[in-house]
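Using the numbering used here, read the sequence shown as starting at 358 and increasing by one per residue. Glycine is no exception: its CB is placed at the ideal position from the N, C-alpha and C atoms. This one's a predicted model, so the numbers in the text were calculated from it and none came from an experiment. I have placed the structure first, in the form of structure tokens, so that the comments after it can refer back to it.
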Amino acid sequence: MELATSELSYPGSGNWEIPIDLFGSKKHAGVSRGVLAFTDESGNIVFRVNRHPPNPNSLPLPKDKKLLLDASGNTLFSIYRYHNGSWKCYKGNSEENKELVFSVQRTLKTITRVELEVLFEAERSNDECCDLKVKGSPFKRSCCIYKHVDLVAQPDVQAPPNTCQ
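This is the structure in structure tokens:
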């Protein structure tokens, strides 16, 4: 009897059945200082986050702009942070509303807790309920991501499960 084998698949390749672990670091040997790199278990860079000065001609003026790049350096998403605590994410290197993927609004910020609501534009109707809720602790460097009441992700696997409650 022969066993079927499957190759490891990265996000975007169409096979979302095989999860991979990504490790984030600002101190990776293959990137310049201050660039956040996400690598696989072999140390290969899968994604990078580059910070860019915002365009002073865009209104309302964003406080910060970050680009999510793939391993080849292609821009996947542009993420803008605004002074009111909100973020907007666009496809590619765009600021056009037709390219808006999702927006994030901070609903709680204390010394020990942060809560965010994520709204995906493709799923928008007249219902303004959030699509995802992120609850986290900056000091514990942990967070949990919920869709309604269901836990869908817990990025920090070393944190105790009750840190999100």
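Asked, Found
"Local conformation of residue 455 per DSSP, three classes", "helix"
"Chain-order list of residues whose beta-carbon lies under 8 Å from that of residue 460 (same chain, five-residue window excluded)", "443, 444, 445, 446, 475, 476, 478"
"Per DSSP, the bridge partner or partners of residue 464", "Residue 464 pairs with nothing; no bridge assigned."
"Residue 503, enclosing beta strand (DSSP E) - first and last residue", "499–504"
"Local Cβ density within 10 Å of residue 396, reported as buried at 16 or more and exposed below that", "buried"
"For residue 380: DSSP bridge partner residues", "396"
"Inter-residue Cα distance where the pair is residue 454 and residue 436", "13 Å"
"8 Å CB neighbourhood of residue 432 in its chain, flanking five on each side removed", "424, 425, 426, 449, 450"
"First and last residue of the uninterrupted beta strand (DSSP E) at residue 408", "402–409"
"Backbone secondary structure at residue 479 - three-state DSSP", "helix"
"Proximity below 8 Å, CB of residue 422 to CB of residue 409", "yes"
"One or two residues paired with residue 446 in a DSSP bridge", "436, 459"
"Within-8 Å CB hit, residue 431 to chain C", "Although the question refers to chain C, the structure presented lacks it and comprises just one protein chain."
"Environment of residue 499 [buried if 16+ CB atoms lie within 10 Å]", "buried"
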